[in-house]
Each structure stands twice: as structure tokens, then as C-alpha cells.
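Below is one structure, written out as C-alpha cells, with a few remarks after it.
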Amino acid sequence: MNRTRLLPYESAAIVFNDEMIADGMSKELDHQIALADAKSLYTTPVMRNDRGVNTGGLGWDPEVFLSVDWKARQRVRQSEMRSLWLIKQEIGINRTRRNNARIMNILNDKCPNCEQHSEDSKHLNLCPDAGRSKLHREGATKLRRWMTKTNRKTEPTMARVLHDFIRLRNSTSMEELAQQGSPELIEAAKMQDRIGWVELMQGKLAVQLVRIQERYSASNNNGLDGKSWSTNIITQLLEMSHSQWLYRNFSLHHHTLGYLHRLEEKNLRKTARELAPLRPEAIPATSQYLLEIDIEAEEQTFTSVSYWVLGTSDESSIKRKNLSK
Ligand SMILES: [Zn+2]
1 MNRTRLLPYE SAAIVFNDEM IADGMSKELD HQIALADAKS LYTTPVMRND
51 RGVNTGGLGW DPEVFLSVDW KARQRVRQSE MRSLWLIKQE IGINRTRRNN
101 ARIMNILNDK CPNCEQHSED SKHLNLCPDA GRSKLHREGA TKLRRWMTKT
151 NRKTEPTMAR VLHDFIRLRN STSMEELAQQ GSPELIEAAK MQDRIGWVEL
201 MQGKLAVQLV RIQERYSASN NNGLDGKSWS TNIITQLLEM SHSQWLYRNF
251 SLHHHTLGYL HRLEEKNLRK TARELAPLRP EAIPATSQYL LEIDIEAEEQ
301 TFTSVSYWVL GTSDESSIKR KNLSK
């Protein structure tokens, strides 16, 4: 409270966690309540029962938790299905092969792409399969192009470090990549390392990185303000992660089709629009993951659209066959 200063026309102020809430009070309070719940889940120690199931929290250091730009994550527009997918991914309860094997009491827990045993949620962006590696590189390149576009300029050293860190898939620390940068960038990189690479791909960006962009934007007319910058970066990271999930599910559920007929992007978009009215009725339970794709989103990635089209084409052909019986 000692940092709060009332303005001349103010008779009272609402303060939460030492921060004065100036406007959008109900929105801010909703955010603070959700944040308190999330903090409790994240910072409670991990407790595994005798079956290896975690019945506790995620075991995060509170300082690390407070260094994530949660507000930016919250600003990212996502469909309900995508949000649900992300939460499951974060707490490790998505239908991975490892979880599936445990629930169904079966032995096969191999990744459908690289065939490594015990596929868990952390494997999502780290799968060494050639196709999935290529997909990851494509996403990283798209992100770099976006960061360096004239009208969306990111602080140049940070753009390079962030791109390299993402592209190298957790094989080096961000701190190491930031050694030629400013002391602020090195400190921010250290914090992002503490948050984690896997977590970055889930949209958990260090606030220290966002502050670097804010300062850059304030002194450079070409720079994108911190708020828009972080929302955009996280949107793209989540698209990259979700594309991996779609690729993985596509491989698992559509063995007969194999991976991806590379059609022209233009044709895919046209087909996607034509098929849109078919969902969700044309999609059976085995392909429910297709519902996680938000086809209305303006920033639809080429890969997401192609998975969707191929999956839906497959299902609609099944539907047509059933109808003709
Ligand atoms: Zn794999």
C-alpha cells in the first residue's frame, strides 16, 4: 500500500498485490482471482501416488510463476476446445500414448511418429520425427519473419535470440544464446530458462522479455508495443504447439491416408470454407481432435488447415458411404 498514491480527484483506491487497479475493475479482479487459483495449482509441490499419478500441484517456484506474462496469455483469442486442450497439455493429462496406456491398461505407449516409448505431454514439441521437426522449423521461420517485418519490428537482438532458442528445441539455454546481448536481455533470458522451453511453447513468456520490447517500442517508432507484441508471439507459439498435436493425431488416426497430401494453400482454404458447415456432425468420436481447430480464426496456419481438410474429407467420405447404404 505504501507505493500507492491517490490522484487529487480520488478518494479511495483498490489495490491488489501492491498494484493499484485503475480501470476495468471487474476484468482486473477476474484476472487476479484466476491468477490466485493458478498460482496455488502451479506452486503446490508435486505429489505422486503409488501408481505414479500426480495428486499435488506442478511444483513451481513462486518467483518463477510471477515472472510469466499471464495477462498476455489471457489476451490470446482461442476457441473453448483449444483452451481445454492447452490446459490438459499443461497439466499433463492430454490423451498421450503414455496416459492412454495407463488408462486402458495396455502396453503400447509409443509415439505414433518417432516410436519412442512413453510418449508424454512434454514430447509434443520435441518429437524427433522428420516431418514433425520440419513442421517445427517452419513455425520458427514464420515467427522470425513476423518479428523482423518492418511494421512489426521486435528488438533485433531479442528477435534473434528468441528465434534461435525456439528453433533449437531445448538443446541450449536462452542465457547462452543471449551472451552478446544487453545485461537486461541476459537477465530476461535467465528467467525464461527458469520458466522453461516446454513452457514457452505453451505460451509462458517472461515479463522481462516483454519489458525489453516495451522500452524498444518507446524509443523506436517502428517497434510494436509490448502488449501487442506479446499477444502475437504467444498466439504463434500456441499455433506451433497445436500444429504438432494435430500432426500427431492425424498420424495416429489416419494411418491409411499417411501424412499430408501437399495441396496448394489456395485450394485448401477454398475446400476448408466449403466443408465448414459439415462440422461437428460429420466428425465421429475418434476424430474429435478436429474440433480443436478454430477454422474461423484469421491467423489460420497452412498446416492446421491442411490437417483439418484431410481429416474432414476422410470423415465426409465415410458419411457419404453410410448415406448410400
Ligand atoms: Zn515422437
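Residue numbers 1 to 325, in the working numbering, belong to the letters of the sequence shown in order.
Note that CB positions come from ideal geometry on N, CA and C, so glycine has one too.
Fair warning: this is a prediction, and the values are worked out from it, not measured in the lab.
Among the options, nearest to residue i - alpha-carbon criterion
| i | options | result |
| --- | --- | --- |
| K204 | I195, T172, K134 | I195 |
| T172 | N151, P183, V198, G52 | V198 |
| R169 | L185, Q179, L200 | L200 |
| S230 | N105, S217, R73 | R73 |
| E184 | G59, R248, I212, G56 | I212 |
| I234 | H31, N151, Q116, R77 | R77 |
| W146 | E28, N232, R48 | N232 |
| G52 | L29, S79, L86, I103 | I103 |
| P62 | L84, R48, D37, T55 | D37 |
Residue j beta carbon less than 8 Å from that of residue i
| i | j | result |
| --- | --- | --- |
| N113 | S251 | yes |
| E90 | Q236 | no |
| V161 | G139 | no |
| E175 | D193 | yes |
| Y247 | R132 | yes |
| G59 | V68 | no |
Beta-carbon proximity list for residue i, same chain, < 8 Å, skipping 5 on both sides
| i | result |
| --- | --- |
| T148 | T154, P156, A159 |
| I327 | Any question about residue 327 goes unanswered here, given that the chain covers just 1 to 325. |
| D129 | C111, N113, C114 |
| T55 | M47, R48, N49 |
| N108 | R97, A101 |
| N220 | K153 |
| K27 | none |
| S83 | none |
| I33 | none |
| S228 | none |
Proximal residues to residue i (C-beta, below 6 Å), its chain only, five neighbours per side dropped
| i | result |
| --- | --- |
| D120 | T96, R98 |
| E214 | G226 |
| A178 | V161, L185, I186, A189 |
Contacting residues, own chain, Cβ-Cβ under 7 Å from residue i (five flanking each side not counted)
| i | result |
| --- | --- |
| F65 | K39, Y42, T43 |
| K88 | N94 |
| R167 | R137, A140 |
| L35 | W70 |
| G92 | D120, S121 |
| L135 | S243, Q244, Y247, T303 |
| K110 | R97, Q116, H117, E119 |
| H31 | K71, Q74 |
| L143 | H163, I166, Q236 |
Beta-bridge pairing of residue i - partner residues as DSSP gives them
| i | result |
| --- | --- |
| R356 | Residue numbering for the chain in the displayed model covers 1 to 325; residue 356 lies beyond these limits and cannot be assessed. |
| A206 | V68 |
- prompt: Counting pairs of beta carbons, one from the segment 234-249 and one from the segment 113-126, are three or more of them closer than 8 Å?
  reply: The segment 113-126 and the segment 234-249 touch, with three or more beta-carbon pairs separated by less than 8 Å.
(request) Decide if the segment 181-193 is in contact with the segment 206-215; the criterion is three or more beta carbon pairs, one per stretch, under 8 Å apart. (result) Note that the segment 181-193 touches the segment 206-215; at least 3 beta-carbon pairs, one per stretch, sit closer than 8 Å.
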